[in-house]
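Here is the structure we will look at.
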Amino acid sequence: MKMASKAQVKQWLRWVAWVAVVALLAILYMNNDDEENEAVETDATQAITTSNTPQGSPAGDNMNYESVLMPRGLSNTVVHYKGYTSNFNKQWHIPNCVVYEITDKEARGKRERSGNFERDEKVAGCPNWWDYRDSGYDRGHMAPAGDMKWDEQAMDETFYLTNICPQDNSLNAGFWNDLELKVREWARRDKSLIVVTGPIVGTNPSTIGQDMDIAVPEGFFKVVLAPKCNPMRAIAFICPNRACGGSLKSYAVSVDEVEKRTGMNFFNALPDDVENNIEAKCNLYQWLN
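For reference, each letter of the sequence shown is one residue, going 809 to 1097 in our numbering.
Below, the structure written as structure tokens:
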């Protein structure tokens, strides 16, 4: 057998080395890809999604009654808690809205109100409790602690500042509290409700805060859907961020009116004909009977 020359041996060794380098790079790439997948899974476990939501994109990843479509360009971080989902605006430092289901059983919860206002460290732009200190505004719950009396963790998580807006005390302790009590009453009667609550923020809002400029809403909305009623029905309310006199009728509006004011789209998982029908109506008497 003819022996290989030194030049041939060197060429062969170079070829082997080149193959080894390619194989090593392939292994490193695969490992890096696995790490990226793990990071995605970790984010999913934490249930936080950040986006400047394009028109027609779901704010949450549950394509159901609790999905809310946000207007184009609105800063939106979706944070899933045990009892509610916050669609948080890191630029305003308040939620765009919160959404949750409250059932008959949950509305009968007996736990005492408890919890301390605190920053959710996982959420960019979330303020601290002291940013509201001496501001002249209450730390107003969007998802009420009273709706979460069925579970200690669910109630505690309503005190995250991702669920809070600057709210006039006269509203918070007055009409707004009465409306929250009425929603729980309706939940006990109608077996299950989907509730969406949030601020109405003007184009150039005033702000509060020591460390952050927290937008002060000019008003608030609450949208309520009774999916288990036959026929299905919905109602909405808009009130200014100040003392509100009068009855529920004074502030009742159609869901379409809230969508017009906020640019959001609610209950998009419903068939179009059903959604269009229930969102166009403002029939408070259906709810009071």
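No residue lacks a Cβ here, since even glycine has one placed at the ideal position from N, Cα and C. Keep in mind it's a predicted model, so treat the numbers as computed, not measured.
Under the three-state reduction of DSSP, asparagine 904 is assigned to strand. Judged by DSSP in its simplified three-state form, aspartate 946 adopts strand.
Ranked by how close their Cα comes to the Cα of asparagine 936, the residues Glu960, Thr970, Lys1030, Tyr892 have Thr970 in first place. When Asn924, Ser1055, Pro1013 are compared, the shortest CA-CA separation from glutamine 961 is found for Asn924.
Under the 10 Å beta carbon count, leucine 877 is surrounded by 16 or more other beta carbons and is classified as buried.
Per DSSP, the unbroken beta strand (DSSP E) holding leucine 1033 starts and ends at 1027-1034. Residues Tyr945, Asp946, Arg947, Gly948, Trp984, Pro1025, Phe1028, Asn1049 of the same chain have their beta carbon placed closer than 8 Å to that of glutamine 975, with the five preceding and five following residues left out of the count. Nearest in C-alpha terms to arginine 992, of all of Gly1053, Ala953, Phe1075, Gln1094, is Ala953.
Under the three-state reduction of DSSP, alanine 932 is assigned to coil, being neither helix nor strand. DSSP places serine 1000 in the uninterrupted beta strand (DSSP E) bounded by 1000-1008. In the three-state scheme derived from DSSP, where H, G and I count as helix and E and B as strand, glutamine 1094 is classed as helix.
Assigned with DSSP and collapsed to three states, phenylalanine 967 falls in helix.
When rounded, the separation of the alpha-carbon atoms in isoleucine 1086 and leucine 1056 is 19 Å.
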